[in-house]
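Counted the way mature numbering (1 follows the signal peptide of the UniProt record, and there is no 0) counts, the sequence shown spans residues -23 to -1, 1 to 81. C-beta: ideal position from N, C-alpha, C; glycine also. Below is one structure, written out as structure tokens; comments come after it.
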Amino acid sequence: MTRILTLSLISALLLSAGAPAVARGDRNRDQDNLREAAAQGQVVPLGKLVADIRSRAPYNDMTYLGGPQFDAGRMLYKLKFMDGSQVVVVYVDARTGRIVGRKP
């Protein structure tokens, strides 16, 4: 019984060790898609997009936290801002620069 439990735990650990590599693969694929789309002029360059969002109220009074995330499937950027002690997540259409969502 102890041997089965030990083998099960080892198997679970080995399987979970591969999960970050899969996540990195998805992130790398999204980055590649983003670069390709930017090269073809299909998306707003990130620097221009962030500068545009930061120039608008109420985001001009917030601190941009950096570390944007890109969803290639939906062509959305996820940008994070700090408003006082609250993190505000802004979803921006990468093709148009239009804000399409916000939490909270």
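* Sorted by chain position, which residues of the same chain lie with C-beta nearer than 6 Å to Ala14's C-beta, five sequence neighbours on each side aside? -> The residue labelled residue 14 in the question sits at position 37 within the sequence shown. A distance below 6 Å between beta-carbons, with the five flanking residues on each side excluded, links Ala14 to the following residues of its chain, in chain order: Val20.
* How about Lys80 and Val66: do their beta carbons lie closer than 8 Å? -> Residue numbering aside, residue 80 sits at position 103 when the sequence shown is read from its first letter. Residue numbering aside, residue 66 sits at position 89 when the sequence shown is read from its first letter. Taking the C-beta atoms as reference points, Val66 is found nearer than 8 Å to Lys80.
* **Host beta strand (DSSP E) of Leu53 (start-end)** => The count along the sequence shown starts at 1 and reaches residue 53 at position 76. Start and end: Leu53 to Asp60.
* Where does Val77 fall in DSSP's three states? -> Residue numbering aside, residue 77 sits at position 100 when the sequence shown is read from its first letter. Strand at Val77.
* Can you tell me whether DSSP reads Val66 as helix, strand or coil? -> By one-based count along the sequence shown, residue 66 stands at place 89. Shown here, Val66 sits in a strand according to DSSP, grouped into three states.
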